[in-house]
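Sequential numbering from 0 applies to the sequence shown in numbering that gives the first Met the number 0.
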Amino acid sequence: MPPRLGYVVRFVETLEPAVRFYGDVLAQPCTKRTEHWAQFDCGSLRLGLYERAAMASALGVAAQELGTAPGGVELAFEVDDVDAAYAGALAVGARGWRPPEDRAWGERTAYLLDPDGGLVELFRRVDG
(Lines of atoms letter the chains of each structure in order from A and count residues from 1; the text may use other names and numbers.)
(Lines give C-alpha, C1' and ligand atoms only; values in the text may rest on other atoms or scores of the structure.)
Protein backbone atom coordinates (compact mmCIF):
# COMPACT_ATOMS: atom_id res chain seq x y z
CA MET A 1 0.00 0.00 0.00
CA PRO A 2 1.41 3.45 -0.87
CA PRO A 3 1.99 5.96 1.93
CA ARG A 4 -0.95 8.14 2.95
CA LEU A 5 -0.54 11.86 3.57
CA GLY A 6 -1.24 12.22 7.29
CA TYR A 7 -0.82 15.93 7.80
CA VAL A 8 0.68 19.11 6.39
CA VAL A 9 3.03 21.23 8.50
CA ARG A 10 3.22 24.98 7.95
CA PHE A 11 6.31 26.69 9.38
CA VAL A 12 5.44 30.02 11.00
CA GLU A 13 7.54 32.75 12.57
CA THR A 14 5.38 33.14 15.70
CA LEU A 15 2.86 30.52 16.73
CA GLU A 16 0.15 32.54 18.50
CA PRO A 17 -1.00 34.75 15.56
CA ALA A 18 -1.14 31.68 13.32
CA VAL A 19 -3.13 29.72 15.91
CA ARG A 20 -5.63 32.59 16.18
CA PHE A 21 -5.95 32.75 12.37
CA TYR A 22 -6.54 29.05 11.76
CA GLY A 23 -8.59 28.59 14.94
CA ASP A 24 -10.63 31.80 15.11
CA VAL A 25 -10.80 33.01 11.50
CA LEU A 26 -11.12 29.60 9.81
CA ALA A 27 -12.82 27.85 12.76
CA GLN A 28 -10.53 24.81 12.69
CA PRO A 29 -10.46 22.88 15.99
CA CYS A 30 -7.06 22.85 17.66
CA THR A 31 -6.47 19.29 18.86
CA LYS A 32 -2.93 19.59 20.25
CA ARG A 33 -0.91 22.52 21.51
CA THR A 34 2.61 22.79 22.90
CA GLU A 35 5.01 25.70 23.25
CA HIS A 36 6.08 25.65 19.57
CA TRP A 37 3.46 23.40 17.92
CA ALA A 38 -0.27 23.44 17.26
CA GLN A 39 -2.29 20.84 15.41
CA PHE A 40 -5.73 21.32 13.84
CA ASP A 41 -8.25 18.72 12.71
CA CYS A 42 -9.32 20.03 9.31
CA GLY A 43 -11.64 17.17 8.39
CA SER A 44 -9.86 14.86 5.97
CA LEU A 45 -6.39 16.16 6.89
CA ARG A 46 -4.54 17.54 9.89
CA LEU A 47 -2.68 20.84 9.74
CA GLY A 48 0.33 21.38 11.97
CA LEU A 49 1.86 24.76 12.74
CA TYR A 50 5.47 24.70 13.93
CA GLU A 51 7.58 27.72 14.79
CA ARG A 52 10.33 27.87 12.18
CA ALA A 53 13.15 28.55 14.68
CA ALA A 54 12.05 25.68 16.96
CA MET A 55 11.93 23.20 14.07
CA ALA A 56 15.33 24.36 12.80
CA SER A 57 16.76 23.87 16.29
CA ALA A 58 15.19 20.40 16.60
CA LEU A 59 16.71 19.36 13.26
CA GLY A 60 20.06 21.09 13.88
CA VAL A 61 19.82 23.25 10.74
CA ALA A 62 19.65 26.97 9.97
CA ALA A 63 16.09 28.32 9.73
CA GLN A 64 16.75 29.32 6.10
CA GLU A 65 17.13 25.64 5.21
CA LEU A 66 13.40 25.22 5.89
CA GLY A 67 12.51 27.66 3.09
CA THR A 68 11.55 31.29 3.23
CA ALA A 69 8.22 32.65 4.33
CA PRO A 70 5.61 32.37 3.06
CA GLY A 71 6.92 29.59 0.84
CA GLY A 72 5.38 28.18 -2.31
CA VAL A 73 2.37 26.49 -0.78
CA GLU A 74 -1.36 27.16 -0.71
CA LEU A 75 -3.79 25.76 1.86
CA ALA A 76 -7.29 25.36 0.39
CA PHE A 77 -10.35 25.12 2.65
CA GLU A 78 -13.69 23.99 1.21
CA VAL A 79 -16.57 26.11 2.52
CA ASP A 80 -20.34 26.16 1.94
CA ASP A 81 -20.46 29.86 0.98
CA VAL A 82 -17.26 31.48 -0.28
CA ASP A 83 -18.65 35.02 -0.15
CA ALA A 84 -19.86 34.67 3.44
CA ALA A 85 -16.66 32.96 4.60
CA TYR A 86 -14.50 35.64 2.96
CA ALA A 87 -16.58 38.49 4.42
CA GLY A 88 -16.54 36.83 7.84
CA ALA A 89 -12.77 36.42 7.73
CA LEU A 90 -12.27 40.07 6.79
CA ALA A 91 -14.68 41.15 9.54
CA VAL A 92 -12.46 39.55 12.19
CA GLY A 93 -9.26 41.07 10.81
CA ALA A 94 -7.95 38.61 8.21
CA ARG A 95 -6.02 40.06 5.28
CA GLY A 96 -7.82 39.61 1.99
CA TRP A 97 -5.78 38.90 -1.12
CA ARG A 98 -8.36 38.18 -3.85
CA PRO A 99 -12.14 38.58 -3.43
CA PRO A 100 -14.59 35.82 -4.39
CA GLU A 101 -14.69 34.95 -8.08
CA ASP A 102 -16.05 32.13 -10.23
CA ARG A 103 -13.21 30.25 -11.91
CA ALA A 104 -13.06 28.52 -15.26
CA TRP A 105 -12.21 25.21 -13.57
CA GLY A 106 -15.62 25.02 -11.90
CA GLU A 107 -14.98 26.54 -8.48
CA ARG A 108 -15.76 29.79 -6.73
CA THR A 109 -12.65 30.94 -4.89
CA ALA A 110 -11.38 33.72 -2.65
CA TYR A 111 -7.94 34.15 -1.15
CA LEU A 112 -6.65 35.33 2.22
CA LEU A 113 -3.14 35.75 3.60
CA ASP A 114 -2.33 34.16 6.95
CA PRO A 115 -0.24 36.11 9.51
CA ASP A 116 3.00 34.95 7.84
CA GLY A 117 1.80 35.90 4.36
CA GLY A 118 0.88 32.32 3.40
CA LEU A 119 -1.81 31.90 0.76
CA VAL A 120 -5.11 30.48 2.03
CA GLU A 121 -7.87 29.65 -0.45
CA LEU A 122 -11.56 29.45 0.36
CA PHE A 123 -13.39 27.44 -2.30
CA ARG A 124 -16.53 25.60 -3.23
CA ARG A 125 -17.36 23.62 -6.31
CA VAL A 126 -19.85 25.33 -8.57
CA ASP A 127 -22.75 23.17 -9.72
CA GLY A 128 -23.00 23.25 -13.30
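Quick reminder that beta carbons are idealized off the backbone N, C-alpha and C, glycines included.
In this text the structure is predicted, and so the values were computed from the model without any measurement.
Put simply, the backbone Cα of L112 is about 30 Å away from that of P2. About 6 Å separates the CB atoms of R9 and G117; that is less than 8 Å, so the two are in contact. Boundaries of the beta strand (DSSP E) around D101: R94 to D101. D40 has R45 as its beta-bridge partners, per DSSP. When C-alpha distances from R45 are compared across T30, A53 and M54, the shortest belongs to T30. Non-local beta-carbon contacts of G71 in its own chain, meaning distances under 7 Å to residues more than five positions away in sequence, are absent. In this structure, the straight-line span from the alpha carbon of A52 to that of A17 is close to 15 Å.
DSSP places A61 in no alpha helix (DSSP H); its state is neither H nor E.
The alpha-carbon separation between L25 and A88 amounts to approximately 7 Å. In the assembly as shown, L14 is a buried residue. Its beta-carbon has 16 or more other beta-carbons within 10 Å.
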